[in-house]
Amino acid sequence: MNSIKQQHNKGSKKTDCKWHVNLSKLKNTDFVHITFIHPDHNHELLADNSIFATAFRRFDIFIMKEIEHAIVYSRYNAYTIRNLLQPLFPDQLFLTQDLSNAIQKIKQKH
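According to this note's numbering, the sequence shown holds residues 3 to 112 in order.
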């Protein structure tokens, strides 16, 4: 098992949600075990929360090309890039962290 120093205990900053799960995995197995679960939420669960899930936050190749062009040729900052991209891709959610990660990925490439 991992030491207590390797744990990543993160709480909910936005809603102070009490939902919590502890998982455990022994080094020599491929199985993860639930050791504790607190299933209660102190807020309503909404179906559209899925738009914030990591799997739905990846930018497609067309958006990445636009970001790359703005970084390499125009040297725009994240704020300006978001303002340029939003009208081009009105159905896309542009979170600051996601955009910053994409910019850093492109800068490492160039």
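Glycine included, C-beta positions come from ideal geometry on N, C-alpha and C.
Practice item. Would you tell me roughly how many angstroms separate the C-alpha atoms of residue 67 and residue 84, rounded to the nearest one? Key: Along the sequence shown, one-based indexing puts residue 67 at 65. Along the sequence shown, one-based indexing puts residue 84 at 82. The alpha-carbon separation between residue 67 and residue 84 amounts to approximately 13 Å.
Point to revise | Enclosing alpha helix (DSSP H) for residue 71 [first to last residue] | key: Here the question's residue 71 lines up with position 69 in the sequence shown. 63-71 is the span of the alpha helix (DSSP H), which, as asked, contains residue 71.
Check your understanding: Where does residue 30 fall in DSSP's three states?
Key -> Within the sequence shown, numbered from 1, the residue matching residue 30 stands at position 28. DSSP places residue 30 in coil when its eight states are reduced to three.
Point to revise | Closer than 7 Å: residue 92 CB and nearest the ligand FAD heavy atom | key: In the structure shown, the ligand FAD is absent, as is every other ligand, since no ligand is present at all.
Check your understanding: If we ignore side chains and look at the alpha-carbon of each, how far apart do residue 82 and residue 50 end up?
Key -> The residue labelled residue 82 in the question sits at position 80 within the sequence shown. The residue labelled residue 50 in the question sits at position 48 within the sequence shown. Going by the C-alpha atoms only, they are around 27 Å apart.
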